[in-house]
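Number 184 in this note's numbering belongs to position 198 of the sequence shown; there are no gaps in the numbering.
Cβ coordinates follow ideal geometry from the N, Cα and C atoms, glycine included.
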Amino acid sequence: MQLTDEQRQTDEALLHLGRRLHADGYRFICATPLTHQRYSERVEQLPARTMREVFGWNRPFEASLLSPDELEHMRQAGIISTSDQTLRSQVRWSTVDGLLLVHSGFPTDTADAVFFGPDSYRFARVVEAHLRDSCAPIEHAVEIGCGTGIGALLIARARRHAQVSALDINPLALRYAAINVALAELGNVVVDYSDVLEGVNGSFDLIVANPPYMLDARKRTYRHGGGTFGEGLSVRMVRESLERLSPGGSLVLYTGVAMVDGSDPFLAALRDTLDAPQWAWFYEEIDPDVFGEQLLEPGYERVERIAAVALTVTRRG
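Structure below.
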């Protein structure tokens, strides 16, 4: 991905800030948007007191809380907004398994927002479980719709010899993923633009994805899954990924499914494909009920619940 000189300078400043936070032992577990909103409402009259409140809970803070170097990095990165004599970061930093990840500030309203939250942690657990349990060799791997790049980072860290691609259609996600790769000091990850797998050639030993699965009226990239109930992009990723698996290679996909009248429209759309003799597959519900507030939105009138699911498909060798 080509960056302007200004974008390179901005991202370099953000990288320096991340390194400073990492060196200081910064840790933060990112909550759901609803939990974040409720916590913020509880303490909205109080200024931030710690780095977790500044860069995790994304609360307003006074300049005196940060060191001059940290403030300068923020200014150079262009991530400070000012309101009522206080400052606020326009990005957040979260941690998972020793990795530090930059992502969009709260709320994630913009069309190019880079989301991170509980789904990301569940996705990470699914990817880590596959890496732990599978003995299949991995030479080439890819994360589709990488966002922060958490999937690609976990693969690259666990399989240092593998060449890993982190792909997305969102330029801001690619910039943040590149910063996160640099923070993790992993030299075997390439970050690049691609609409699913259209922008890359060849076959892969491992493909992982955590696609958006909501119906979003604003069609934000990180959130809108399309289709009748949000399953459209997940179905597309499965079908296009299976064509690109090497013999013995696997697709590991984590997503959410809007369950309708006791049935699973995502699995129903793929059943005929998955039952073909060249595939071995496993499917499970990771969490039977997530993002219940989404059921109040248009298009969910028939939906009973949204389940977090994981699908693993392996091409028989």
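Just how far apart, CA to CA, sit residue i and residue j?
i        : j        : result
GLY188   : LEU(-11) : 26 Å
VAL289   : ASP275   : 12 Å
ALA110   : HIS8     : 20 Å
GLN62    : VAL29    : 29 Å
GLU48    : ARG35    : 9 Å
MET(-13) : SER106   : 24 Å
MET60    : ARG257   : 49 Å
GLY64    : PRO251   : 43 Å
ASP(-9)  : VAL100   : 22 Å
PRO54    : GLY211   : 42 Å
GLN23    : TRP43    : 9 Å
SER120   : ARG302   : 14 Å
GLY213   : PRO19    : 24 Å
GLU283   : GLN(-7)  : 37 Å
GLN71    : LEU1     : 27 Å
ALA254   : VAL246   : 11 Å
VAL88    : VAL238   : 24 Å
Locate the beta strand (DSSP E) running through residue i, then write down its first and last residues.
i      : result
PHE41  : Segment 37 to 41 is the alpha helix (DSSP H) holding PHE41; no beta strand (DSSP E) there.
PHE268 : 265 to 273
ILE141 : Not the beta strand (DSSP E): ILE141 falls in the alpha helix (DSSP H), residues 136 to 144.
ILE130 : 126 to 130
GLN149 : 149 to 154
TYR179 : 175 to 179
THR300 : 289 to 301
LEU183 : Careful: LEU183 lies outside any beta strand (DSSP E) and carries neither H nor E.
LEU192 : 190 to 195
So, are the CB atoms of residue i and residue j less than 8 Å apart?
i      : j      : result
VAL299 : GLU270 : no
VAL224 : ILE292 : no
VAL77  : GLY91  : yes
VAL113 : ILE141 : yes
ALA97  : CYS132 : no
PRO93  : ARG74  : no
ASN174 : THR134 : no
LEU172 : ARG145 : no
LEU169 : GLY4   : yes
ARG230 : PHE190 : yes
ALA17  : GLY84  : no
LEU201 : GLY216 : yes
ARG108 : ASP273 : yes
THR241 : PRO197 : yes
Between which two residues does the alpha helix (DSSP H) carrying residue i extend?
i      : result
THR207 : Where THR207 is concerned, there is no enclosing alpha helix (DSSP H), given that its DSSP letter is neither H nor E.
ALA168 : 157 to 170
PHE109 : 104 to 119
GLU283 : Neither: GLU283 is in no alpha helix (DSSP H) and is coded neither H nor E.
ALA34  : Run containing ALA34: none; DSSP gives neither H nor E here.
PRO198 : From DSSP, PRO198 is part of no alpha helix (DSSP H); its letter is neither H nor E.
Throw me the rounded Cβ distance for the residue i and residue j pair, which I believe falls under 8 Å.
i      : j      : result
GLY235 : VAL194 : GLY235 to VAL194, Cβ: 11 Å. No contact.
ALA306 : ALA163 : In the structure displayed, the chain extends from -13 to 303; residue 306 sits before or after that span and is not available.
SER220 : LEU183 : With a Cβ gap of about 14 Å, SER220 and LEU183 do not count as contacting.
VAL128 : VAL177 : At roughly 11 Å, the Cβ-Cβ gap does not stay under 8 Å, so VAL128 and VAL177 are not in contact.
LEU297 : TRP267 : 7 Å
Every unbroken alpha helix (DSSP H) inside the segment 223 to 264 [4 residues or more]: 251 to 260
Can you list, in chain order, the stretches of the alpha helix (DSSP H) that have 4 or more residues and sit fully within the segment 49 to 98? 54 to 63
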